[in-house]
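Residue numbers (our numbering): 818 to 949.
By construction, the Cβ of each residue, glycine as well, lies at the ideal position given by its N, Cα and C atoms.
Below is one structure; the comments refer to it alone.
See below:
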């Protein structure tokens, strides 16, 4: 219950969750590549994004994400560079949320953030190639 009040207070008193920009990605354009430093977490507003795994310097399709899907969130939570290459399968519009907004948003939730990271680590260890 206390957690819900913290979130409501933070949402109503902050512009962090409202601070994003949108960007159009044409078909076959790269959103980000494996190994790049995380600057944004992306939310698909329209279109389709394809996730690619790199093995032996060859890209293979792994997952197709659609409206409402997020890109880079698991990598952000685990504090690592992007672990996959993401390409626009169709012309797509994405919301770009600066990673610093998430960091600032999570500051009041110290223990919840630790729990979130622990859960993300467990999920990632069980399903290495499932996440975007």
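Kindly indicate which residue of the options has the alpha-carbon position closest to the one of residue i.
{"i": "residue 915", "options": "926, 905, 908 and 890", "result": "890"}
{"i": "residue 875", "options": "912, 901, 848 and 884", "result": "901"}
{"i": "residue 885", "options": "858, 935, 918 and 919", "result": "858"}
{"i": "residue 796", "options": "839, 855 and 863", "result": "Lying before the first or after the last residue shown, residue 796 is absent from the chain, which here runs from 818 to 949."}
{"i": "residue 917", "options": "866, 856, 865 and 935", "result": "856"}
{"i": "residue 838", "options": "935, 861, 866 and 854", "result": "861"}
Which class does residue i belong to by DSSP, given the choice of helix, strand or coil?
{"i": "residue 840", "result": "strand"}
{"i": "residue 929", "result": "helix"}
{"i": "residue 898", "result": "coil"}
{"i": "residue 908", "result": "coil"}
{"i": "residue 832", "result": "Residue confidence is low: residue 832 scores 43 on pLDDT, short of 50, so the model does not pin down where it sits. Its coordinate-derived value is still stated next. Coil, per DSSP."}
Looking at the secondary structure, which residues open and close the beta strand (DSSP E) in which residue i lies?
{"i": "residue 861", "result": "857 to 863"}
{"i": "residue 870", "result": "866 to 872"}
{"i": "residue 904", "result": "902 to 905"}
{"i": "residue 877", "result": "875 to 882"}
To the nearest angstrom, report how far apart residue i and residue j are at their CA atoms.
{"i": "residue 912", "j": "residue 873", "result": "32 Å"}
{"i": "residue 883", "j": "residue 903", "result": "12 Å"}
{"i": "residue 933", "j": "residue 880", "result": "23 Å"}
{"i": "residue 852", "j": "residue 896", "result": "12 Å"}
{"i": "residue 898", "j": "residue 892", "result": "6 Å"}
{"i": "residue 887", "j": "residue 908", "result": "16 Å"}
{"i": "residue 894", "j": "residue 924", "result": "13 Å"}
{"i": "residue 871", "j": "residue 878", "result": "9 Å"}
{"i": "residue 920", "j": "residue 869", "result": "27 Å"}
{"i": "residue 840", "j": "residue 849", "result": "13 Å"}
{"i": "residue 842", "j": "residue 929", "result": "34 Å"}
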